[in-house]
Amino acid sequence: SRYSIPFFLHPNPDWFIETLSTCIDDDHPNLYPEAIMADDFLQQRLYEIKLL
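Letter by letter, the sequence shown follows residues 272 to 323 in the numbering used here.
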């Protein structure tokens with residue numbers, strides 16, 4: 272069987288979200304090279320799920 276645990280994080284709106292450099296190498300390229308501000312990301316997600 273499988274268990275799931277929800278995890279909610281609310282960073283400061285002016286924090287940047289970006290890929291950790293330790294998670295990038297030749298076998299694992301950076302799929303998200305552009306950093307995004309936390310508030311912009313939240314607004315984007317809310318728009319995508321039609322809450323805005």
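A virtual CB, placed ideally from N, CA and C, is assigned to each residue, including glycine.
For the set Met308, Tyr318, Ile320, the Cα lying nearest the Cα of histidine 281 is the one of Met308. Around glutamate 289, the same chain offers Ala306 as residues with beta carbons nearer than 6 Å, after the five sequence neighbours per side are excluded. For isoleucine 276, DSSP assigns no beta-bridge partner whatsoever.
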